[in-house]
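Sequences listed follow chains A and B, in order. 376 is the number that the numbering used here gives to position 371 of the first sequence; each next residue is one higher, with no gaps. 399 is the number that the numbering used here gives to position 128 of the second sequence; each next residue is one higher, with no gaps. Idealized CB from N, CA, C, for every residue including glycine.
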Amino acid sequence: MYPELGQVALVIALALSLIQGVVPLIGAHRNDQPMMSIARPAAVAQFGFVGIAFAILAAAFINNDFSLQYVASNSNSQLPTLFRFAAVWGAHEGSMLLWTLILSAWTLAVVLRSGSLPLDIASRVIAVLGLLSVGTLTFILFTSNPFLRLQPSAADGADLNPLLQDPALVIHPPMLYVGYVGLSVAFAFAIAAMLSGNLDRQWARWTRPWTTAAWVFLTLGISLGSWWAYYELGWGGWWFWDPVENASFMPWLAATALFHSLAVTETRGLFKSWTLLLAIMAFSLSLLGTFLVRSGIIVSVHAFASDPTRGFFILAFLLLVIGIALALYAWRAPGLDSTAGFQPTSRETFLLLNNVLLVIAATLILVGTLYPLFIDALGLGKVSVGAPVFELVFITPMLPLVFLMGFGMHATWRTGNLDAVWRDYRWFLAGAVVLGIGLVWFVYGRPSILTMTGGVAATWIMLVSLREPLRALAGRVAMTRSAAGMHVAHFGVGVFTLGVTVVSAFGLEEDRAIRPGQALSVAGYEFTLNDLGTGQGANYQFLRGDVTVREDGHIIAELAPEKRRYLVQESMMTEAGIDARLSRDLFVAMGDPLGDEAWSVRVQYKPLVRLIWLGTIIMALGGLLAISDRRYRVRQKQEKPSKTDTLAKASH
Amino acid sequence: MARYLIPLAVFLALAFFFVVGLGKDPSRIPSPLLSKPLPTFTLGTVSDPNSRIESRVMTGKPALLNVWGSWCVSCAVEHEFLMSLAREDDLPIYGLNWKDELDDARQWLAQRGDPYVMSLYDYEGRAAIDLGVYAAPETFLLDANGTIVHKHIGPLDMTIWTQDFLPRLRQLGVSE
Numbered sequence: 006m007y008p009e010l011g012q013v014a015l016v017i018a019l020a021l022s023l024i025q026g027v028v029p030l031i032g033a034h035r036n037d038q039p040m041m042s043i044a045r046p047a048a049v050a051q052f053g054f055v056g057i058a059f060a061i062l063a064a065a066f067i068n069n070d071f072s073l074q075y076v077a078s079n080s081n082s083q084l085p086t087l088f089r090f091a092a093v094w095g096a097h098e099g100s101m102l103l104w105t106l107i108l109s110a111w112t113l114a115v116v117l118r119s120g121s122l123p124l125d126i127a128s129r130v131i132a133v134l135g136l137l138s139v140g141t142l143t144f145i146l147f148t149s150n151p152f153l154r155l156q157p158s159a160a161d162g163a164d165l166n167p168l169l170q171d172p173a174l175v176i177h178p179p180m181l182y183v184g185y186v187g188l189s190v191a192f193a194f195a196i197a198a199m200l201s202g203n204l205d206r207q208w209a210r211w212t213r214p215w216t217t218a219a220w221v222f223l224t225l226g227i228s229l230g231s232w233w234a235y236y237e238l239g240w241g242g243w244w245f246w247d248p249v250e251n252a253s254f255m256p257w258l259a260a261t262a263l264f265h266s267l268a269v270t271e272t273r274g275l276f277k278s279w280t281l282l283l284a285i286m287a288f289s290l291s292l293l294g295t296f297l298v299r300s301g302i303i304v305s306v307h308a309f310a311s312d313p314t315r316g317f318f319i320l321a322f323l324l325l326v327i328g329i330a331l332a333l334y335a336w337r338a339p340g341l342d343s344t345a346g347f348q349p350t351s352r353e354t355f356l357l358l359n360n361v362l363l364v365i366a367a368t369l370i371l372v373g374t375l376y377p378l379f380i381d382a383l384g385l386g387k388v389s390v391g392a393p394v395f396e397l398v399f400i401t402p403m404l405p406l407v408f409l410m411g412f413g414m415h416a417t418w419r420t421g422n423l424d425a426v427w428r429d430y431r432w433f434l435a436g437a438v439v440l441g442i443g444l445v446w447f448v449y450g451r452p453s454i455l456t457m458t459g460g461v462a463a464t465w466i467m468l469v470s471l472r473e474p475l476r477a478l479a480g481r482v483a484m485t486r487s488a489a490g491m492h493v494a495h496f497g498v499g500v501f502t503l504g505v506t507v508v509s510a511f512g513l514e515e516d517r518a519i520r521p522g523q524a525l526s527v528a529g530y531e532f533t534l535n536d537l538g539t540g541q542g543a544n545y546q547f548l549r550g551d552v553t554v555r556e557d558g559h560i561i562a563e564l565a566p567e568k569r570r571y572l573v574q575e576s577m578m579t580e581a582g583i584d585a586r587l588s589r590d591l592f593v594a595m596g597d598p599l600g601d602e603a604w605s606v607r608v609q610y611k612p613l614v615r616l617i618w619l620g621t622i623i624m625a626l627g628g629l630l631a632i633s634d635r636r637y638r639v640r641q642k643q644e645k646p647s648k649t650d651t652l653a654k655a656s657h
Numbered sequence: 272m273a274r275y276l277i278p279l280a281v282f283l284a285l286a287f288f289f290v291v292g293l294g295k296d297p298s299r300i301p302s303p304l305l306s307k308p309l310p311t312f313t314l315g316t317v318s319d320p321n322s323r324i325e326s327r328v329m330t331g332k333p334a335l336l337n338v339w340g341s342w343c344v345s346c347a348v349e350h351e352f353l354m355s356l357a358r359e360d361d362l363p364i365y366g367l368n369w370k371d372e373l374d375d376a377r378q379w380l381a382q383r384g385d386p387y388v389m390s391l392y393d394y395e396g397r398a399a400i401d402l403g404v405y406a407a408p409e410t411f412l413l414d415a416n417g418t419i420v421h422k423h424i425g426p427l428d429m430t431i432w433t434q435d436f437l438p439r440l441r442q443l444g445v446s447e
């Protein structure tokens, strides 16, 4: 296959996205049916051509076509096939192509699922997504073309960054991008609503499942990244408040606020301009994340590719997209807000508080992430903001949020029934205090105030999230899938909180130099380094420790931590040996040789660390459950027979 | 309705910082130390970590100071070029071994050759902070007084050498 065809496909896709972005907008403005109808076929064709370009690049990687500069820089003939495929998005050019592919895939999904939408709304939404495609395709073609030839072609490639040669990293970036880019759909709906000047509860009902879907992917993507960092970076931490991590976390917070705000807009027709702003914010933060990661403006261990010219392009794109969106907001939002009231103890109030706290958290993290940039721009030197600051600014709004959540999810709309909620749930709160503090104290030892608060918050939210679903299962109340999804997701928040609380308070870590035959104990577990062996993997050599873990003299696990030397880039990687159970992880990582057969070894005991990822998976499941609610499907079902009717009539 | 303009205003303020920040990209603008004397520091060397070498040792004639580490992939890329420089030119090349393990650093030099007059050993990265080192490899061009004349971030190669270093070296009176 000629890689140049990939470039041609991208040029055609750019032309199509221009048509998709411009013609339907004019059509919607003039109420011109044929012009609006171009949106759907143009979007489908655009997806097709971006898909072809992506397939050609993937084929070049799998067939080891080192005449392509991008392939030569990021792959190697020794690389296993799975990683050769994943190497497509191993660096900047391919990541951007993946970003564009996912954008057009979301657009395709909108095309397929928008049958019930009025034509002017659907075509505006698709057009806005088309304009975003114009931006990313231009960016790829002019600054980040993955199809550039290398003259003369390389004999072999420089290999994929060994950090990225990991199964979790094969799915982490696509998952994260699907989430990031998915927020563009809510953004496009917001722009469409502002262009048409028409924002009703129906609009919120259309936008909500898309936002939740993007959020589900974002949740899983971030979680995968955290899991990867945990076992691959060899430090045993699960979150580092690294700028790139923050860049994925801020859109998550904004998206979380957005679908809560959408709930109010859908049910009560309130918070309209706020919802719009959040939709713009969530996607803007995704773009900002891309900008931060790709421009090299902020130093990060994750910023694998950076280039100032690209930075300027992304910045221009960012300014254009966010600037226009916010200007449109300033112009159109004032006319949209309705004035219906609600009682201070109603669910609206709690959701407002939810939004305020989430936005505060996102803002503080944004400030922390950008603070070094501000200081540098003002010529005040170079600083960095560390994890303790982020932990503080994150926990401060989050703990009240978790407590309020338990009340808010049972409060009624409009009037508020805090008395009734208090009557129903005060014993839950008392139970949470007893269980949260008592269990933690009993199992792990004396907790600090913060740990107690965390334990109570986690137990509280888990208990109150269980009540309604259990009653529904017993057949005593009816429950929509949407409500069930909310309860499940909130239960996940509790599981996550418990994991974070216990592992940060009671996790133990020891670095020690030991020789084969020696042992060290951590948290009552005895780790014996029996032997060191060497061997050869697919494209690396490894030194493997053979570690036996004993508890009370009984062998409970055999671990094999590895130190890998990747041959092409001559770099060392740590592969931790982990014995994972729901109750705790035992983690052994090889450090460095200290001479005379001694090695530094890091041993960690991580109680309940699995709950962190389990909690996020439960949250994501809750999201999926919510999307599957009947009210999002009913209209589709009603619509389909009528479509086949018209088709049937047409064929007669 | 001024309050609806607030988001736009906040964003524009933020954008201002991005534009300035991007202009300040560390690989684009010169180091703040440019035309300033080399900071003073005292370090051991890779071959003898217990020795105490002062940074002054690099003065007297124009020289290169190259920041490297055995963990640094791009350093491996430029190493061959440094070797050829060391073979062909009269310009002394000093190394600053940065945040490296002694054994790794020694093994690196033994395997790939040692282009350096000496490699100062900066395990803690203190001297590197004084020098404003951002990422390895970085290469400083010093004149005979120890003033920093030029700084390059990233691996050196022939193109960069002819473009950025040779003209300055000629000005300093170093002939090929």
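- Put simply, the CB of Leu320 of chain A is near chain B, with a gap under 8 Å to one of its CB atoms.
- Within 7 Å of the CB of Glu372 of chain B, the CB atoms of chain A belong to Asp597, in sequence order along the chain.
- For Ala376 of chain B, none of the residues of chain A pass the 9 Å Cβ criterion, the least Cβ distance being about 13 Å.
- At a Cβ-Cβ threshold of 8 Å, Phe433 of chain A and Leu468 of chain A count as neighbours.
- In the same chain as Ala347 of chain B, and ignoring 5 residues on each side of it, the C-beta atoms closer than 8 Å to its own belong to Arg383, in chain order.
- When only Cα atoms are considered, Gly226 of chain A and Ile329 of chain A end up about 29 Å apart.
- Distance from the CA of Ile43 of chain A to the CA of Leu113 of chain A, rounded to the nearest whole angstrom, comes to 14 Å.
- Exclusion of the five residues before and after Gln12 of chain A leaves Phe152 as the residues of its chain whose Cβ lies within less than 6 Å of its Cβ.
- Here DSSP, grouped into helix, strand and coil, assigns Ala163 of chain A to coil.
- Distance between Leu572 of chain A and Tyr545 of chain A, taken at the CA atoms: about 5 Å.
- Counting only unbroken stretches of 3 or more residues, the beta strand (DSSP E) elements lying wholly within the region 577–614 of chain A are 582–585, 589–600, 603–612, in sequence order.
- In the three-state reduction of the DSSP assignment, Lys422 of chain B falls in the strand class.
- Checking the DSSP bridge columns, you'll see Phe532 of chain A partnered with A:Leu525, A:Val554.
- Two segments are said to touch when three or more pairs of C-beta atoms, one from each, lie closer than 8 Å; by this definition the region 207–224 of chain A does not touch the region 236–252 of chain A.
- Non-local beta-carbon contacts of Gly184 of chain A in its own chain, meaning distances under 6 Å to residues more than five positions away in sequence, involve Ala219, Phe222, Leu223, Gly226 in chain order.
- At a cut-off of 8 Å between beta-carbon atoms, Ala407 of chain B makes no contact with chain A.
- Pairing Leu263 of chain A with Glu98 of chain A, the inter-Cα distance amounts to about 31 Å.
- In this structure Leu181 of chain A touches Gly230 of chain A by the C-beta definition: roughly 7 Å separates them, less than 8 Å.
- Annotated three-state conformation of Asp516 of chain A is strand, per DSSP.
- Under the DSSP definition of a beta bridge, Asn368 of chain B partners with B:Trp339, B:Tyr392.
- Cβ-Cβ distances below 6 Å link Phe288 of chain A to Leu188, Ser189, Phe192 in the same chain, with the five nearest sequence neighbours on each side left out; the list follows chain order.
- Under the Cβ criterion of 8 Å, Gly241 of chain A is not counted among the residues facing chain B.
- With respect to Met101 of chain A, Ser138 of chain A sits apart: the two C-beta atoms are not nearer than 8 Å.
- In the three-state reduction of the DSSP assignment, Gly444 of chain B falls in the coil class.
- Ranked by how close their Cα comes to the Cα of Val115 of chain A, the residues A:Trp279, A:Val186, A:Pro179 have A:Val186 in first place.
- In this structure, Leu413 of chain B and Leu336 of chain B form a Cβ contact; the two beta carbons are roughly 6 Å apart against a cut-off of 8 Å.
- Scanning B:Asp435, B:Ser390, B:Arg397 for the CA closest to the CA of Val317 of chain B turns up B:Ser390.
- Two segments are said to touch when three or more pairs of C-beta atoms, one from each, lie closer than 8 Å; by this definition the region 601–617 of chain A does not touch the region 193–206 of chain A.
- Exposure of Glu396 of chain A is indicated by the presence of fewer than 16 other C-beta atoms within 10 angstroms of its C-beta.
- A check of alpha carbon separations from His423 of chain B across B:Val338, B:Val445, B:Cys343 identifies B:Val338 as the nearest.
- Less than 8 Å separates the beta-carbon of Leu534 of chain A from that of Ile519 of chain A.
- Taking 8 Å as the upper bound for CB-CB distance, Val552 of chain A and Phe532 of chain A are in contact here, some 6 Å apart.
- Secondary structure of Gln434 of chain B (DSSP, three-state): helix.
- Close partners of Pro426 of chain B in chain A (Cβ separation under 7 Å) are lacking, with about 12 Å as the shortest Cβ gap.
- The beta-bridge partner set that DSSP reports for Thr539 of chain A consists of A:Leu548.
- About 13 Å separates the beta carbons of Ser78 of chain A and Asn69 of chain A, which is beyond the 8 Å limit, so they are not a contact pair.
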